[in-house]
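Participant:
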Amino acid sequence: MARRSATAAAVCEELSLSYVESPTRCGTCAIRHKAICAALCADEISALNRLSRRRSVPAGQTILGEGEAHTIFANIVSGVVKLTKTLDDGRQHIIGLLFASDFLGRAFRRDNPYFAEAATDVELCIFPAAGFEKLLPDHPGLEHRLFQFTLSELDACQEWMLLLARKRAEERVASFLLMIAKRVPNMDCLHTENPGGVRFQLPLSRAEISDCLGLTIETVSRQMTRLKTKGVIELVNYREIVIPDIRALQQAAYEASPA
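Per the working numbering, residue 21 is the first one in the sequence shown, and the count goes up by one each step.
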């Protein structure tokens, strides 16, 4: 735990110092119309652009350390970020995933509420915390956009509570795959020849998926096989998934038979 915290601190310092590196250009950004900068006026975009810098983070690297003073916020430009919380006994639990265009960090909070780790190779658009928070009172569009992101995250948490509390094993696995499939346009992915189908790489291992869903690894694997047998998904390999018909996956997420 101490070693991971030290690593996180080092990464945060490295990210903070990286502001001298290549500046961003908001007007040509791939997530411009979906990220926190969407719907901002030209002056707000300009002010945000003066703060922001791009940074690449390899898979497995810690971005933020839980409980540490936060020094950065970030828009995720590409890749997937894994969020985890630590229990009192040292166990860790995956509490969510962030995808391209999602916002990482808590404004006006002194410390990070979770660990943030690159689940895949990630590209970030980083803002220094102090400078970003100073912008908010003078730029209501940016403040409003941040509020929208906060509400969306709250909605996602409520959906996750429903999944863990009421859904059966097959529904949980199908819901997880549906969540990934819905975000595929913001990930590096390949679409199948079927216009309704989607192909993607799972950003988590089976063990991590089981942690997310409150299931055993064996149960996750069994439900994946069940969904494959039903034709809801195709397993290209251990990580690569094809969804032939997104509607069938939606039905499996809400109407699965008892496990």
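Built from N, CA and C at the ideal position, the CB exists for glycine as well.
Between the region 128-138 and the region 249-257, can you find at least three pairs of beta-carbon atoms closer than 8 Å?
Facilitator: No contact exists between the region 249-257 and the region 128-138.
Participant: Under 8 Å, with one C-beta from each stretch per pair, do the region 64-77 and the region 111-128 reach the 3-pair mark?
Facilitator: No: fewer than three Cβ pairs fall under 8 Å.
Participant: Kindly indicate which three-state DSSP category P223 falls into: helix, strand or coil?
Facilitator: In the structure shown, P223 sits in coil (DSSP, three-state: anything other than H, G, I, E or B).
Participant: Look up D131 in the DSSP assignment and give the residues it is bridged to.
Facilitator: Paired residue(s): A89.
Participant: At the level of alpha carbons, what is the spacing between C232 and R226?
Facilitator: Cα-Cα distance, rounded: 10 Å.
Participant: Report the three-state DSSP secondary structure of G116 (helix, strand or coil).
Facilitator: DSSP places G116 in strand when its eight states are reduced to three.
Participant: Taking only runs of the alpha helix (DSSP H) that begin and end inside the region 128-190, which ones reach a length of at least 4 residues, in chain order?
Facilitator: List check, alpha helix (DSSP H) in window: 149-155, 160-186.
Participant: For K54, which of helix, strand or coil comes out of DSSP?
Facilitator: It is coil, neither helix nor strand.
Participant: Where Y274 and L222 are concerned, what is the direct C-alpha to C-alpha distance, given to the nearest angstrom?
Facilitator: Their Cα atoms are separated by approximately 21 Å.
Participant: In whole angstroms, what is the alpha-carbon distance linking T104 and N257?
Facilitator: The alpha-carbon atoms of T104 and N257 are separated by roughly 26 Å.
Participant: With 16 other CB atoms within 10 Å as the buried threshold, where does T140 fall?
Facilitator: That one is buried.
Participant: Check the C-beta distance from K102 over to L117 and give it rounded, since I have them as a contact under 8 Å.
Facilitator: Right, the Cβ-Cβ distance comes to about 6 Å (below 8 Å), so this counts as a contact.
Participant: Can you find the residues in the same chain that come closer than 8 Å, C-beta to C-beta, to A58, ignoring five residues on each side of it along the sequence?
Facilitator: Excluding positions up to five away in sequence, the list reads R52, R165.
Participant: Helix, strand or coil for R259 per DSSP?
Facilitator: It is coil, neither helix nor strand.
Participant: Need the endpoints of the alpha helix (DSSP H) that V240 sits in, please.
Facilitator: Taken as a continuous stretch (DSSP letters only), the alpha helix (DSSP H) holding V240 covers 237-249.
Participant: Is it right to say C61 is buried, meaning 16 or more other beta carbons lie within 10 angstroms of its own, or is it exposed?
Facilitator: Classification of C61: exposed, given that the 10 Å Cβ count is below 16.
Participant: Less than 8 Å separating the beta-carbons of F196 and I261?
Facilitator: Result no, Cβ atoms of F196 and I261 do not sit closer than 8 Å.
Participant: In whole angstroms, what separates the C-alpha of S25 from that of T245?
Facilitator: Reliability fails at S25, whose pLDDT of 48 lies under 50, so the model's placement of it is uncertain and no value is given.
Participant: Report the three-state DSSP secondary structure of A94 (helix, strand or coil).
Facilitator: Residue state, collapsed to three classes: strand.
Participant: Looking at the unbroken alpha helix (DSSP H) that takes in L71, where does it start and where does it end?
Facilitator: Unbroken alpha helix (DSSP H) run through L71: 62-71.
Participant: When you compare only the Cα positions, how much space is there between A136 and R192?
Facilitator: Their Cα atoms are separated by approximately 23 Å.
Participant: Ends of the beta strand (DSSP E) at V101?
Facilitator: Looking at the DSSP string, the run of the beta strand (DSSP E) that includes V101 is 101-106.
Participant: Report buried or exposed for T82, applying the criterion of at least 16 other Cβ atoms within 10 angstroms of its Cβ.
Facilitator: Looking at its Cβ environment, which holds 16 or more other Cβ atoms inside 10 Å, T82 is buried.
Participant: Report the CB separation of L71 from F119 in whole angstroms; it is logged as a contact under 8 Å.
Facilitator: With a Cβ gap of about 22 Å, L71 and F119 do not count as contacting.
Participant: If you reduce the DSSP assignment to three classes, tell me which class S230 lands in.
Facilitator: Note: S230 maps to helix in three-state DSSP.
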